[in-house]
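Chains as they are written, first to last, in our numbering: chain A, 550 to 693; chain B, 318 to 1143.
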Amino acid sequence: MSTQQLSTFSVDRYDFGVEVATVQEVIRYQEMTRVPLAPQSIGGLINLRGQVITAIDLRHRLGLPPRKPGVLPMNVVVRTDDGAVSLLVDKIGEVVHASSDDFEMPPETLSGPGRELIRGAYKLDGCLLLALDVRRAIDINAAV
Amino acid sequence: MDEMDEILGEFLVESHENLDQLDRDLVALEQEPGSRALLGSIFRTIHTIKGTSGFLGFGALESVTHVGENLLSKLRDGEMVLTQEIAGVLLELVDAVRSILESIEASAEEGSPDHADLIARLTALQCGSVAAAVTAPPAQAVTILSHSVAVTEPVPASEAVVPVAAQPAPAVLAGPPSTNPAEEQGAAVEPVVVPEPAAAEATPLGELLVEKGVVQPEDVSVALMEQQVASDGRPLGQILVEHGKASKEDVGDALESQAAAKRSVADSTIRVDVDLLDSLMRLVGELVLTRNQIVQHAGGMGDQNLTRASQRLNLIASELQEGVMKTRMQPIDHVWSKLTRVVRDLGVSLGKSVKLEMQGRDTELDKTILEAVKDPLTHLVRNAVDHGIESPEERVRAGKTPEGTLLLRAYHEGGQVIVEITDDGGGINPKKIAAKALERGLVSADELARMSEREMTSMIFLPGFSTAAKVTNVSGRGVGMDVVKTNIEKIGGTVDVQSTHGEGSTFRIKIPLTLAIIPALTVKCAGDRYAIPQVSLVELVRLEGEDASKGIEQISGAPVLRLRGSLLPLVHLDNELGLAAERSDEQRATFIVVLQAEDRQFGLVVDEVLDTEEIVVKPLSQQLKGMGVYAGATILGDGRVALILDALAVAQQAHVVNAARDRAMAERLTELDGIASSTESLLVVGLEDGRRMAVPLATVTRLEEFPLTQIERVGSRQVVQYRGQILPLVNLSSYLGSGGFGDPQESLQVVVYSERGRSVGLVVDRILDIAEEVLAAKSDLDDHGLLGSAVVQNKITEMLDVRQAILGADPYFYSARELEESGVPA
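Right under this line is the structure:
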């Protein structure tokens, strides 16, 4: 049995967890510059201390309905091979400890494009934490 | 052990440089087999590597270079003369050394390379020198004579450096050996640090002495000859002293100044890690961004001191940026020099004779760009030798010189670097390309029918294309040209080809000077801001409401602007980006940014033109990299992100740079021209009875007014003195039967025709107007003196038969011209 620390956040009614080490930082809504003609999942570009970061809208990525107008997303900035990428989420959660014992295969409840991006789920008291496959999540061009 | 790593590292770096120099020298030596300068340089380099490898314990390296050194020593001493075979084996030696070095680099050990074969061949060649030696001396003599005349030959001088002057402190790393021939022959490793590159450029001793007036050129030649013939290792200086031509002190002084020169060249440069430069560049980039922000905010604060300080910051940042960019600039020669060997080897293996010429070797490029362009350049050069230049027999049959020429040319132009690769080979046959493309399904017959020859030739850049009859090892796998194009476009450059079948081809590569910080124009479109690199910018056009609707036409369904006689295709940026247009009232001005993409221009319609500023180009992340229209992103002064547009990609997406469009536009242009040309300029005059007459303005020389008092009579004619001549006059009204109605006037209106020194004046009652008319309606009223009539300015006007009228005044007016035209001297 091994424990992991996970950063958590929620998108729509789902809760997600990502290894703490992958997360560079978590920040509130940043003004985004839209990228016309880009795939829909691209939320825009943000200025993170002088670096231009691409923000990916997880709602769209997961095939979930769009955010209500007026609701501003938060940024979960993750480290990738290509540099930092921001994941647009609804709410930021806390850092939790989860053990590998609680890990299960992805539930049937999540269908559509989301299934590909989930590695599995952690059963924690009363809630299900979906383990997001970050690498796949940011690989927009692989999805057709 | 770190120290050892450092030593090893430096050894590897220097050896690689030395090997590159060897490549160059050996190829040059093939052209000039007797060059003592080259032989000496090559010998020293091999000797150095041998020495250091011995010191560092690399036995295989040492033995291979040792045999090479022996062979070179014979060559240098004139006992053997370089042949193509020997050059080939020596180049193999260079390659062998390279491969051992690679193994050392990878594992800090030589591995167990087997170069027995190479060593055997080198030894065999060396021994084969016995026969060669017999013929050597005369050849040697010839060589010496030719070199002694040109006193600038560095070899004798450097060999003559007296040990006293050239003994800097020994250091751990072996540089080139001490240049005393006596020491070279059989001494152990001499750890001496003498800057290698400088040696080749230091003024030779003989020249120094001649310059100082100590000796005469003839004395030096004689001394040089003696040095070669005697071969006893006496330095030049010593010989001159023995001959009594120079004093010991003079020689000593000259040697010291020579050594001093050597030292200073080396001291003025320093080796820097590329990573360090990269991080400096990055920091400067951030500095520029921050400076932009500060300048912007300071401007709005109105604080004098702050403004001044921020301006100073501005200047400093710009200079710093320039300076750092310069550190990364390298001359293109770094890439070109490697090509000499490539061309030589390729020529030999293909049996072709190719001369490589270079212009603009010191044209500088940013290091990263140089790296990116190295492979495409190499491929184009190989391609030129492989497919471009024909075999010597073919060339002779085509009436060309058996040796082909490959010209590499580099220069700066308009913020870009242009590199041209020109060969005088067989050129590209557009028909053959077209056929191959059709065969491979890369293009349809329809499209082909509409293509120009240049477009057909450019199809060689299509993926999957190759016309090589057989796929050679070199090129022809169908993956070459399109990869070249992609790689060049990746760094923001373009490549195109121009070729004349049978005569040769020119490939032209255009690349940006630098990637990181560029001047750009910011514009607004649909509420967002975009940056356009200034390098693509031609001009800005602003059309006020009305002009916009007037000036913009539609051709083949696409908007086009008539700008100074040419037609500019227009692209609406909001359309292209799929954004809702912020179209408000028609009265607002239209802003058009005229951009250049490849060799076409087009106008980008935007909502507003904002500012020009220097921006730091930030690459887009992997998710967005494939989007052609964006060349990157940047952070503007207020901290917001703006996308940088790629002019060429926008043009391509909007289909503005395609042939069909061009053709439609060209047709329209000729239409417009046509309309212009069928209008004529007419001079409309009035006769005494009010009749209107028109004459073509083109043939009229001048309109004059003469007071009546100046009119004189000669016989029955009226004449007037005019510019030193006598000008015969014809009163048109009388001539045409309209006379006698007008009031007598005080002056006459005269239309003057002059030709070949003869002049005639047609008197009219009134000069009415100059009209431009399309002469559509003409009726040929066959009346005396008239050509017909036409509607000019909405009135019926008669067309005067000017020729008849003139002849009426001067029967000989046209004679000179007619005589000339019929070939009879007037």
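C-beta: ideal position from N, C-alpha, C; glycine also. No experiment lies behind these values; they were computed from the predicted model shown.
| Query | Result |
| --- | --- |
| Cβ pair B:A689, B:G742 closer than 8 Å | no |
| Rounded C-alpha distance that separates A:V620 from B:P876 | 41 Å |
| Proximal residues, the segment 584–601 of chain A versus chain B, C-beta separation under 9 Å | V584, P585, L586, A587, P588, S590, I591, G593, L594, I595, N596, G599, Q600 and V601 |
| Per-residue burial, B:L1025 [other beta carbons within 10 Å of its own, 16 or more giving buried] | exposed |
| Euclidean distance between Cα positions of B:G351 and B:Q939 | 56 Å |
| Paired residues, beta bridge with B:L725 - DSSP | B:M675 and B:I738 |
| 8 Å Cβ cutoff, B:I952 in contact with chain A | yes |
| Backbone CA spacing between A:K617 and A:D639 [nearest angstrom] | 10 Å |
| Within-8 Å CB hit, A:E541 to chain B | This structure leaves residue 541 of chain A out entirely; chain A is present only between 550 and 693. |
| Start-to-end residues for the alpha helix (DSSP H) that takes in B:A964 | A964 to Q970 |
| Test item: CB-CB of A:V625 and A:S635 under 8 Å | yes |
| Minimum Cβ-Cβ distance from A:T571 to chain B less than 8 Å | no |
| Interface flag, A:G632 vs chain B, CB-CB below 8 Å | yes |
| contact_flag[the segment 677–694 of chain B, the segment 733–741 of chain B] where n(CB pairs < 8 Å) is 3 or more | yes |
| Range of the contiguous alpha helix (DSSP H) that encloses B:K691 | K684 to N700 |
| Same chain only: Cβ atoms within 6 Å of B:L597, ignoring 5 sequence neighbours per side | V641 |
| Contact list for A:T582 against chain B, beta-carbon separation under 9 Å | D845, R846, A950, R957, V958, A959 and L960 |
| B:A425 classed as buried or exposed, judged by whether at least 16 other C-beta atoms fall within 10 angstroms | exposed |
| Stretch-stretch touch, CB-based, cutoff 8 Å, three pairs: the segment 942–953 of chain B with the segment 962–975 of chain B | yes |
| Straight-line gap, A:N596 to B:G956 (C-alpha atoms, nearest Å) | 7 Å |
| Integer-rounded CB distance, given that B:V531 should sit under 8 Å from B:D567 | 5 Å |
| Per-residue contacts from B:M944 into chain A (C-beta, under 7 Å) | L586 and A587 |
| Those runs of the alpha helix (DSSP H) which lie wholly inside the segment 350–429 of chain B and span at least 4 residues | 353–373, 376–393 and 401–424 |
| Rounded C-alpha distance that separates B:G326 from B:R341 | 23 Å |
| Distance between B:L392 and B:I745 (C-alpha atoms, nearest Å) | 43 Å |
| Coarse secondary structure for B:E1005, derived from DSSP in three states | coil |
| CA nearest to the CA of B:R846, picked from B:D924, B:K802 and B:R825 | B:D924 |
| B:G1007 versus B:Q1066 - alpha carbon distance | 15 Å |
| Any chain A beta carbon closer than 8 Å to B:S853 | no |
| Cβ neighbour criterion (16 or more within 10 Å) applied to B:Q296 | The first residue shown for chain B is 318 and the last is 1143, placing residue 296 of chain B beyond what the model contains. |
| B:L999: contacting residues in chain C (beta-carbon distance under 9 Å) | In the structure shown, chain C cannot be found, because the protein chains are A and B. |
| Secondary structure, alpha helix (DSSP H): runs of 4+ residues fully inside the segment 577–626 of chain B | 591–618 |
| Sub-8 Å separation of B:V911 and B:L885 beta-carbons | yes |
| Inter-residue CB distance, A:M581 and A:A604 (contact presumed, cutoff 8 Å) | 6 Å |
| Inter-residue Cα distance where the pair is B:E931 and B:G617 | 19 Å |
| Bridge partners - B:V1012, DSSP secondary structure assignment | B:L1000 |
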